[in-house]
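So the sequence lines, in the order shown, correspond to chains C, G and P. Numbering that gives the first Met the number 0 puts the first sequence at residues 0 to 207. Numbering that gives the first Met the number 0 puts the second sequence at residues 0 to 210. Numbering that gives the first Met the number 0 puts the third sequence at residues 0 to 328. First comes the structure, then the notes that go with it.
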Amino acid sequence: MIRYMTKHYDKLLGLLAEHMWMSAAAVGIAFAIAFAAAMLMYRRKEFALPVNVLCNTVYAIPTLALFSILIPITGLGKTTAIVTMVLYNQFILTKSICSAFETIDQSVLEAADAIGLDGWQTYCSVKAPLALPLMLNGVKLALSSTVAGATLAALIGAGGLGELIFNGLSMKNYNQVAWGVVLSSLCAFAANHVMQWMEDRALDRIQG
Amino acid sequence: MPEALAYIESHREQYVDALLAHLTIDAISLLICVAVAAPLGYLGAKCGRLTLPLQNVTGMIRIIPGIAIFLVLIPITGLGQTPAIIALVIMSVPPLLMSAIAGLRSVAPSVVESAAAMGMGRLQTLIEVELPLALPTLLDGLRITTVSLIAGTTIAAYVGAGGLGTLIVSGLSQNKQGVMLAGALTAAAIAIAADAFIAAMRRRALRKISA
Amino acid sequence: MAKTAIEFIHVHKTFPGSGVEAAKDVNLRIEEGSIVTVLGTSGSGKTTLLKLINRIYDCTQGRVEYFGKDVATLPVVALRRQIGYVIQQSGLFPHWTVERNIATLPHILKWDKGRIDKRVDELMALVRLDPECRMRSVRKLSGGQQQRVGLARALAVNPSVILMDEPFGAIDAITREELQDELLALQTRLKITIVFVTHSIREALKLGHKIVVMDKGEIRQADTAYNILLKPANEFVRRFVSSDDFYEALRALRVSECMDDLGRAGGDPRSSAPKIDRDATMGDALQTLIRSGQSRLMVIDAEGGPVGELTFDSYRGVAARSEKDCGTA
């Protein structure tokens, strides 16, 4: 196995990089959309239930199935993979963002109002920091599952570490498969740890 | 869509086989998950010292990509339905276990103490008092587990377990969208249905204790 | 002498992992049909004592006897079904109605529906619960109502003993007084043995036929309110119950404990001497005495028969025994 690595390490690194940026892009876009959706649900309560049900339904669909359903629309390749991941992450992210803002203690907001902070100041110095830990928690969960899901993306031609696994399976090159498994797991753990660290820092900042 | 239906019409037997295989694997895995999570969950909830180690282990399992778990097991268990079931159980027990522990712990200790002090036996307390109160949380976990199982089973096609995943895979590789969509849409449908069903059960359980 | 309901014999209890003894050589006899209040601060061991009776905890050393039998030898479930248990948080089953909660044990014992219904009727009347809340979920009740349900539940199968762990601790002061008075009335009627844990000195003195003062696992004094207040056994007890406070004593002591025997004036129920009930507090009696403008009260029992008399001299006796730091001679 070590020999495989030394021989192909540029390929391994390439796929690893591809995997990571694909996941990061998916989570980034997903967050932007989820944030907008969450704000919408916050302002207009009547949207809360339908958006929730929609995200929930999409989340229930198996990854592979969702890939397949989108292929007639977006074709094979990275686009489909990223779109799928973005759709998936809506569930976790909208829930996290909503609850992050909802669990802010009302009395703190009242105090900010009473002191004379305007909307934007309240947002930057009070709401955002207080909401950050829960939002980061959501991003952590989204990133973990995205990294895991991206391993399947290779099946629809999107590249990433999954290629090592599935190519290796069909060519019976088990070293390759092993590296795919190891690297994708490491990637998932690393992403989780980094996000956990960020979440802890954000929590310290408001509890310290 | 129409191609999917065409496929189902013409290859009904294979379709039904795949569907049944999928459902069977799911059902068996679910039963085993519950059988494992129930006693462990009870122990984890009652014995404070177990909670943290259990949380750590399950947390780790959740991070590992599903396909990785499948593949790690192959050298040991070979291909086929059985290794798929084992891998699925390993993947899906964590959320169920965690919700079992959380649910049981959410029952106020004073309620459990009263039950014991009145002379209700442990089993009786569990069935009549703790379970109804923990049910909403338990069903939440069941929901996640079921959906994760159905999803995992689609991937199980790669380790030779059959199921709707095979339709998806062969459709992909042969570029036959009809076959692929037949598998995908059916899998999606079962998952959504199961999710909605358990969600409804959860709302009922919640109403019963909040009425 | 009345039967012994519960007896602690050289009981010690240490919790595993803790160096401290939660109960240290406890010896206590609880008479059947009496209310015994166990008084102390947090950590004094009073709740431990209670839980040693229904075996939520087991003794490290010594034994607890229930009507003469060592509780350790009795099957736990059977024992607990004979002992009622009421706690501060009520411990009511939140997913059941009032009726179902009260009928917990009858259901377990498989009584038939008619019998259960009748018993629930009786109990709700006994604890003064509005019959219209019978089918309501217990979550919707106020704290006071919840405690009444808890009490009804404990009384359901006619236990010989009821254990109560600060049951009125979370209730507002007005409701608490009501519940205390009702508990006293109930106990007088049913003659149940009650062991009542509290950290409220006033509550302990008001309710207890015998008060057990505990500190750090030891019993410092176990005696009547009169003795605890006026003859404290040690400095701890004296300070804890503010024995020196004359007015506190007046609030706590009953006329029956401090009255004198009927004097030369005799006990003619038709006499025009002002009357006072034997269960009234000395404080109330003092008010009656002063307002009457006379120098003597006739103490009567529930049927109106004379049982003693009360004069200003009776009060001097009480004052003399309290320390003289009020400045009154």
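From the three backbone atoms N, C-alpha and C, an ideal C-beta is built for every residue, glycine too. Computed from a predicted structure; not experimentally measured.
Residue i by DSSP, collapsed to three states: which one?
i, result
"G/Thr145", "helix"
"P/Val298", "strand"
"C/Thr102", "coil"
"P/Gln186", "helix"
"P/Asp278", "coil"
"G/Ala107", "coil"
"G/Thr76", "helix"
"P/Lys230", "coil"
"P/Asp129", "coil"
"P/Ile200", "helix"
"C/Tyr3", "helix"
"P/Arg62", "strand"
"C/Gly137", "helix"
"G/Pro52", "helix"
"P/Gly292", "coil"
"G/Met117", "coil"
"P/Gly83", "strand"
"G/Gln173", "coil"
"P/Thr327", "Any reading at P/Thr327 is ruled out, since the residue's pLDDT is 40, under 50, leaving its predicted position unreliable."
Report, in whole angstroms, the separation of the C-beta atoms of residue i and residue j, which I expect to be a contact under 8 Å.
i, j, result
"P/Val85", "P/Ile161", "7 Å"
"P/Val25", "P/Phe14", "Not a contact, Cβ separation roughly 15 Å."
"P/Val63", "P/Val70", "5 Å"
"P/Leu38", "P/Ile200", "6 Å"
"G/Ile110", "G/Val35", "The identity of residue 110 of chain G in the sequence shown is Val, whereas the question assumes Ile. In fact, because the Cβ distance is near 27 Å, the residues do not count as touching under 8 Å."
"C/Met84", "C/Thr145", "5 Å"
Taking the beta carbon of residue i as the centre, do at least 16 other beta carbons fall within 10 Å, making it buried, or is it exposed?
i, result
"G/Thr144", "buried"
"G/Gln123", "exposed"
"G/Leu138", "buried"
"P/Val308", "Strictly speaking, residue 308 of chain P in this sequence is Glu, with Val absent from that position. With 16 or more other Cβ atoms within 10 Å, it is buried."
"C/Cys54", "buried"
"P/Gln338", "Not covered by the structure: residue 338 of chain P. The range shown for chain P is 0 to 328."
"P/Val317", "buried"
"P/Arg118", "buried"
"P/Cys257", "buried"
"G/Arg48", "exposed"
"P/Met134", "exposed"
"P/Gly326", "Only weak support exists for where P/Gly326 lies, its pLDDT of 38 falling under 50; the coordinates are left without a value."
"P/His9", "exposed"
"G/Ile185", "It is Thr, not Ile, that sits at residue 185 of chain G in the sequence shown. Buried is the call here."
"C/Ala29", "buried"
"P/Lys12", "buried"
"C/Glu17", "buried"
"C/Trp52", "Residue 52 of chain C is actually Val in this sequence, not Trp. The residue is exposed, with fewer than 16 neighbouring Cβ atoms inside 10 Å."
"P/Arg253", "buried"
"G/Ile126", "exposed"
"P/Arg94", "Looking at the sequence itself, residue 94 of chain P is His, so the reference to Arg does not match. It is buried - the Cβ of P/His94 has at least 16 other Cβ atoms within 10 Å."
With a CB to CB cut of under 6 Å and the five nearest residues on each side skipped, what residues in its chain are close to residue i?
i, result
"G/Leu180", "Ala3"
"P/Lys274", "Met297 and Ile299"
"G/Arg201", "Pro135 and Leu138"
"P/Ala151", "Ile101, Leu122 and Val126"
"G/Ser91", "Cys32, Thr144, Ser147 and Leu148"
"C/Phe188", "none"
"C/Ala64", "none"
"P/Arg237", "Pro231"
Spatial neighbours of residue i within its chain, please: CB distance less than 7 Å, with the 5 preceding and 5 following residues excluded, ordered by chain position.
i, result
"G/Ala20", "Gly161 and Gly162"
"P/Thr46", "Asp164 and Val196"
"P/Gly282", "Leu249 and Arg250"
Return the chain-ordered list of same chain residues with a C-beta closer than 8 Å to the C-beta of residue i, the five sequence neighbours on each side being excluded.
i, result
"P/Arg79", "Asn53 and Arg54"
"C/Glu162", "Leu14, Ala153 and Gly179"
Using only the heavy atoms of the ligand COA, determine whether one of them is closer than 7 Å to the beta carbon of residue i.
i, result
"G/Ile84", "As far as ligands go, the structure on display features none, and thus does not contain the ligand COA."
Cβ-based contacts, 7 Å cut-off: residues of the segment 61 to 80 of chain G near chain C: For the segment 61 to 80 of chain G, which is checked against every Cβ of chain C, the residues closer than 7 Å are Ile62, Ile63, Pro64, Gly65, Ile66, Ala67, Leu70 and Val71.
Please identify, using Cβ separations under 8 Å, the residues of the segment 17 to 40 of chain C that lie next to chain G, in order along the chain. Those residues of the segment 17 to 40 of chain C that come within reach of chain G (Cβ to Cβ, closer than 8 Å) do not exist; the list is empty.
What are the residues of the segment 160 to 193 of chain P that lie near chain G, defined by any Cβ-Cβ distance shorter than 9 Å? Among the residues of the segment 160 to 193 of chain P, those with a Cβ less than 9 Å away from any Cβ of chain G are Leu162, in the order of the chain.
In the segment 165 to 188 of chain C, which residues sit with their C-beta less than 9 Å from some C-beta in chain G, listed in chain order? If the cut-off is 9 Å between Cβ atoms, the segment 165 to 188 of chain C has Phe165, Leu168, Tyr173, Val176, Ala177, Gly179, Val180, Val181, Ser183, Ser184, Cys186, Ala187 and Phe188 near chain G.
Any residues in the segment 91 to 109 of chain P with a beta carbon nearer than 8 Å to a beta carbon of chain G? Which ones, in chain order? Taking 8 Å as the cut-off between beta carbons, the residues of the segment 91 to 109 of chain P near chain G are Leu91, Phe92, Pro93, His94, Thr103, Leu104 and Ile107, in sequence order.
Residues of the segment 131 to 153 of chain G whose Cβ lies closer than 7 Å to any Cβ of chain C, in chain order: If you check each beta-carbon in the segment 131 to 153 of chain G against every beta-carbon of chain C, the ones closer than 7 Å belong to Val146, Ile149, Ala150 and Thr153.
Positions along the segment 93 to 127 of chain C whose CB lies within less than 9 Å of some CB in chain G: From the segment 93 to 127 of chain C, no residue has a Cβ closer than 9 Å to chain G.
Can you give me, in chain order, the residues of the segment 93 to 110 of chain G that have a beta carbon less than 8 Å from any beta carbon in chain P? Residues Ala107, Ser109 and Val110.
Name the residues in the segment 25 to 57 of chain P whose C-beta lies less than 8 Å from a C-beta of chain G; which are they? Answer set for the segment 25 to 57 of chain P: Asn53 and Ile55.
Residues, ordered as in the chain, of the segment 8 to 25 of chain G that lie near chain P by beta-carbon distance below 7 Å: None of the residues of the segment 8 to 25 of chain G has a beta carbon lying less than 7 Å from any beta carbon of chain P.
Given a limit of 9 Å on CB to CB distance, which residues of the segment 115 to 132 of chain G reach chain P? For the segment 115 to 132 of chain G, the set of residues with a beta-carbon nearer than 9 Å to any beta-carbon of chain P comprises Ala115, Ala116, Met117, Gly118, Met119, Gly120, Gln123, Glu127, Val128, Pro131 and Leu132, in chain order.
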